[in-house]
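Chain order of the listed sequences is A and B.
The numbering used here puts the first residue of the first sequence at 1, with every later residue one more than the last.
The numbering used here puts the first residue of the second sequence at 209, with every later residue one more than the last.
What follows is a single structure, written as structure tokens, with notes after it.
Number of protein chains: 2
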Amino acid sequence: MSERPIPLLELAITGLLAQQPRSGYDLLKVFSETAMGGFSSSPGAIYPALKRLERSGSVTGDVENRDTLRPRRVYRLTAAGVETLKRQLGRPVTRDDIVRHSDGVMLRFAFAGEVLGPHEATRILEQFAHEIECYLPELKAQLATLTEAEGRYGFFALRHGIDMYSADARWARKVIRELKGRVPPRQAKRQTVEPVRRKRSKRGGRRP
Amino acid sequence: MSERPIPLLELAITGLLAQQPRSGYDLLKVFSETAMGGFSSSPGAIYPALKRLERSGSVTGDVENRDTLRPRRVYRLTAAGVETLKRQLGRPVTRDDIVRHSDGVMLRFAFAGEVLGPHEATRILEQFAHEIECYLPELKAQLATLTEAEGRYGFFALRHGIDMYSADARWARKVIRELKGRVPPRQAKRQTVEPVRRKRSKRGGRRP
DNA sequence: AGCGTCATGTAATGTGTTACATGATTCG
DNA sequence: CGAATCATGTAACACATTACATGACGCT
């Protein structure tokens, strides 16, 4: 039913272009200067990704300053791109997502909040917290089987995993409460074409 | 000076083979059944990686049960492989490591503890904690620039990053204290060839 | 007889990384 | 004038994912 996941870099680019049109270089800067530094941030990754997204019809690039000597290719989401983004954001959060792609969950949360509103963002957090809370007991059981003799450092490393997931769950539950506290406007403001403001929005999400 | 990093999967395999000889299928099982589930755990990744390591001289594979109808190729580290592993474990922990390869740091910590002893493991933790404690204020500064209007969900996601790094640092400091508390034997027991015990060691480290 | 596990691999495809390449503009 | 930044890309390479392929063994 639900679409298969697209590469994280493409999801990140799609989400950032949903906020505002940007050039390849703009995206490069976002990845290298903000907390989204978990991404490649190298031209060899970003420009090909933009080309792929353009071929698949999710984005279009308009050349700005065609007359001047320094043209910029500014990309924006198409209607199809918006649909793709929404389908991606709507994917359920699975065990696999939290074990192997937890950065992607954070991306989806942030973009879902902006594109689909607090209701969907909360759903993602609920599923995220739930999967973790199911997984944690298993990890703790594994911890119990580790004796001092057989892997003291593995023991520490496993405890690290447990600490991380616990912090994840605590964070998610807290944000759920905070989102519930305020008035949920049910649908966030929509972003239309808006002729290219050059402003960097910092955004978070660890090594996403 | 210090060698460039090898792929994480190869590092993981090398470290696991330092504990005991294993077959490709054994490694597969470790990745799929223990908390090291962050790895590919697919034959299409592991067998080629073993072949690469063999070509580069880090491991050798001996066929076991050659006569029977179900042969197993059991790999073990060579002397050169041990040296490579030690050089990899000895690499300093950089900002880039914590932002983009934090799983690798956990691997290196666990293996360094076993292969090089508590002294080196502690050094890794110190560097890990230090880099994080330098990075955290920058993230908090970024958080301060995020207004409610300009990215409420980015705000939450950034706070998630901050929570994670804080938990990382807390964990590291705690383990450092625990390692200091006990008698540091300065060099862990060395593992020699040891004819193939078939025992799974569970080991931790999140999405490593 | 069929299913699950043991056990090994290969092939196609896609994608990230590294390094290179080019040239304009701005600032000191 | 030189260095840093703006701005865009390409090419070679390495690597992971997915899917496929094979076959023995043990159990029911």
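All residues carry an ideal CB built from backbone N, CA and C; glycine is no exception.
The model shown is predicted, which means the values in this text are computed figures rather than measured ones.
- Within chain B, the residues Phe364 have their CB atoms less than 7 Å from the CB of Val175 of chain A, given in chain order.
- Nearest Cα to Val115 of chain A within the set B:Lys348, B:Arg295, B:Arg360, B:Gln296: B:Arg360.
- Cβ neighbours of Arg95 of chain A within its own chain (closer than 6 Å, five residues either side excluded): Glu131.
- Below 8 Å, too few C-beta pairs join the region 52 to 66 of chain A and the region 88 to 103 of chain A to call them touching: fewer than three.
- At a C-beta separation below 7 Å, Val82 of chain A has no neighbours in chain B, since its nearest C-beta there lies roughly 17 Å away.
- Here DSSP, grouped into helix, strand and coil, assigns Thr302 of chain B to coil.
- Using a Cβ-Cβ cut-off of 8 Å, Gln350 of chain B counts as an interface residue toward chain A, since at least one Cβ of chain A sits closer than that to its own.
- Leu146 of chain A: not part of any beta strand (DSSP E); DSSP gives it neither H nor E.
- In the DSSP secondary-structure assignment, Thr268 of chain B is bridged to B:Arg284.
- Residues of chain A with a Cβ closer than 8 Å to the Cβ of Val238 of chain B do not exist, since the nearest Cβ in that chain sits about 11 Å away.
- In this structure, Asp371 of chain B sits near Ala167 of chain A, with a CB-CB distance shorter than 8 Å.
- Straight through space, the alpha carbons of Leu224 of chain B and Ser248 of chain B are spaced by roughly 15 Å.
- As a beta-bridge residue in DSSP terms, Ser23 of chain A pairs with A:Val74.
- For Glu114 of chain A, the chain B residues whose Cβ falls inside 9 Å of its Cβ are Gly359, Arg360, Tyr361, Gly362, in order along the chain.
- Within its own chain, the residues whose Cβ lies closer than 7 Å to the Cβ of Ala320 of chain B, once the five positions on either side in sequence are excluded, are Leu297, Glu328, Ala329, Ile332, listed in chain order.
- Secondary structure note for Leu258 of chain B: its alpha helix (DSSP H) is the uninterrupted segment 251 to 263.
- Using a Cβ-Cβ cut-off of 8 Å, Arg308 of chain B counts as an interface residue toward chain A, since at least one Cβ of chain A sits closer than that to its own.
- Not a single C-beta of chain B is nearer than 8 Å to the C-beta of Asp97 of chain A.
- Counting only residues of its own chain and dropping the five nearest sequence neighbours on each side, Arg284 of chain B has a CB closer than 7 Å to the CB of Leu225, Pro229, Val267, Thr268, Val401.
- Per the coordinates, the alpha-carbon of Phe364 of chain B lies some 15 Å from the alpha-carbon of Ser102 of chain A.
- Boundaries for Ser248 of chain B: no alpha helix (DSSP H) harbours it, and the DSSP string shows neither H nor E there.
- Residues of chain A whose Cβ lies closer than 8 Å to the Cβ of Gly246 of chain B are, in chain order, Val99, Arg100.
- Taken in chain order, the complete alpha helix (DSSP H) segments of 4 or more residues contained in the region 304 to 343 of chain B are 310 to 323.
- In chain order, Ile176 place their CB closer than 7 Å to the CB of Glu126 of chain A, counting only its own chain and leaving out the 5 sequence neighbours on each side.
- Using a Cβ distance threshold of 8 Å, Gly369 of chain B and Ala35 of chain A count as a contacting pair.
- Comparing alpha-carbon positions, the option among A:Leu28, A:Ser32, A:Gly37 lying closest to Pro48 of chain A turns out to be A:Leu28.
- Between Val99 of chain A and Ser23 of chain A, the C-beta spacing is not below 8 Å.
- Within chain A, Gln142 have C-beta atoms less than 8 Å from the C-beta of Thr242 of chain B, given in sequence order.
- Taking a C-beta distance under 8 Å as the contact criterion, Ala253 of chain B and Leu219 of chain B do not qualify as a contact pair.
- Beyond the five residues adjoining it in sequence on each side, Ser250 of chain B comes within less than 7 Å, by CB distance, of no other residue in the same chain.
- The DSSP-derived three-state label of Ile214 of chain B is coil.
- Within the same chain, and ignoring the five residues on either side of Tyr343 of chain B in sequence, the residues whose Cβ sits closer than 7 Å to its Cβ are Arg303, Ile306, Tyr373.
- A distance of 8 Å or more separates the beta carbons of Ala79 of chain A and Glu133 of chain A.
- Leu258 of chain B sits away from Thr222 of chain B, with the two beta carbons spaced by 8 Å or more.
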